[in-house]
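Participant: Okay, handing you the structure first.
Numbering (my numbering), first residue to last: 1116 to 1339.
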């Protein structure tokens, strides 16, 4: 976590945006302006890199963890290039870009595919504090939920004990009704367990998933 204060962050961003506008809008060709701009941009990326690390920390077990870090840093630069002073909180804006990019890249890496309508069975129907780019035909709230909750569920399932994980994967893989006896029966046949034990394992798995997902929703804090 960076030790930069809110006032220091605002001062740094104001300087960067001012230099950026001189180059992008006023088309300044001054070498000194360009030098100060590049130096300030580098300082911003280094200062706010902890936002990237914060968003990627939950994917440490992923084989493409280093790639996700780079994706997050690219998104941070995009956030700097588009941020406007006075048009909202910088940290909200940065999380918008970094969170969206990292979440989608991590989601593509996941091998478990669960329909979003099934994730509602596992976790409370909550909306992340961070916005997500809107997909065609979807509202902003729906896009937030699809991108963030899907990735979090995939990660949570991977942390379950072996039997719970297998039952959950098989249960959602068949795509039947959540209470359909045929789904449970098929799992029982393959894993050689009773229907009662299977249902018990499934209930425990959902409980553990819900607990993990609720505890995983960290909130960004900045200390003065």
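Glycine residues also receive a C-beta, built at the ideal position from the N, C-alpha and C atoms. The structure presented is a predicted model; accordingly, all values stated were derived computationally and were not measured.
1) Are residue 1213 and residue 1183 touching if we call contact CB-CB under 7 Å?
2) With a CB to CB cut of under 6 Å and the five nearest residues on each side skipped, what residues in its chain are close to residue 1140?
3) Less than 8 Å between the CB atoms is what I'm expecting for residue 1127 and residue 1160, so what's the real figure, rounded?
4) Quick one: using the 10 Å Cβ neighbour count with 16 as the cut-off for buried, is residue 1274 buried or exposed?
5) List the endpoints of the continuous alpha helix (DSSP H) containing residue 1367.
6) Please report the straight-line C-alpha distance between residue 1211 and residue 1197, rounded to a whole angstrom.
7) With DSSP collapsed to three states, give me the class of residue 1179.
8) Go through its chain and collect everything with a Cβ distance to residue 1151's Cβ below 8 Å, but skip five positions before and after it.
9) Return the chain-ordered list of same chain residues with a C-beta closer than 6 Å to the C-beta of residue 1118, the five sequence neighbours on each side being excluded.
10) Less than 7 Å between the beta carbons of residue 1303 and residue 1311, yes or no?
11) Please determine, among 1143, 1124, 1188 and 1281, the residue with the shortest C-alpha to C-alpha distance to residue 1168.
12) Assuming contact is defined by CB atoms lying nearer than 7 Å, are residue 1282 and residue 1200 in contact in what I supplied?
13) Report yes if the CB atom of residue 1320 is closer than 7 Å to the CB atom of residue 1279, and no otherwise.
14) Between the beta-carbon of residue 1209 and the beta-carbon of residue 1166, is there less than 7 Å?
15) Give the straight-line distance between the Cα atoms of residue 1202 and residue 1193, rounded to the nearest whole angstrom.
16) What does the alpha-carbon distance come out to for the pair residue 1318 and residue 1270?
17) Quick one: residues in its chain with C-beta nearer than 7 Å to the C-beta of residue 1149, no 5 flanking neighbours on either side, listed in chain order?
18) In whole angstroms, what separates the C-alpha of residue 1136 from that of residue 1130?
19) First and last residue of the alpha helix (DSSP H) that includes residue 1165?
20) Assuming the contact rule is C-beta atoms closer than 8 Å, residue 1195 and residue 1156 should be a hit. Round their C-beta distance to whole Å, please.
Facilitator: In terms of the structure at hand:
1) Cβ atoms of residue 1213 and residue 1183: not closer than 7 Å.
2) Nothing listed; no residue qualifies.
3) About 11 Å; that fails the 8 Å criterion.
4) Residue environment for residue 1274: exposed (fewer than 16 other C-beta atoms within 10 angstroms of its C-beta).
5) Nothing about residue 1367 can be read from this structure; the chain reaches only from 1116 to 1339.
6) Taking the straight line from one Cα to the other gives about 12 Å.
7) Judged by DSSP in its simplified three-state form, residue 1179 adopts coil rather than helix or strand.
8) Excluding its 5 nearest sequence neighbours in each direction, residue 1151 has C-beta neighbours in its own chain below 8 Å: 1134, listed in chain order.
9) Around residue 1118, the same chain offers no residue with a beta carbon nearer than 6 Å, after the five sequence neighbours per side are excluded.
10) Contact check for residue 1303 against residue 1311 fails: the beta carbons are separated by 7 Å or more.
11) Of the listed residues, the one whose Cα sits closest to residue 1168 is 1188.
12) Against a cut-off of 7 Å, the Cβ pair of residue 1200 and residue 1282 comes out as no contact.
13) Yes, the pair counts as a contact, with Cβ atoms nearer than the cut-off.
14) Yes, Cβ-Cβ distance for residue 1209 and residue 1166 is below 7 Å.
15) Each residue's alpha carbon lies about 16 Å from the other.
16) The straight-line gap from Cα to Cα measures roughly 18 Å.
17) Taken in chain order, the residues that qualify are 1138.
18) Looking at the two C-alpha atoms, the distance is approximately 10 Å.
19) 1164-1171 is the span of the alpha helix (DSSP H), which, as asked, contains residue 1165.
20) Yes, they are in contact, since the Cβ atoms of residue 1195 and residue 1156 sit about 7 Å apart, within 8 Å.
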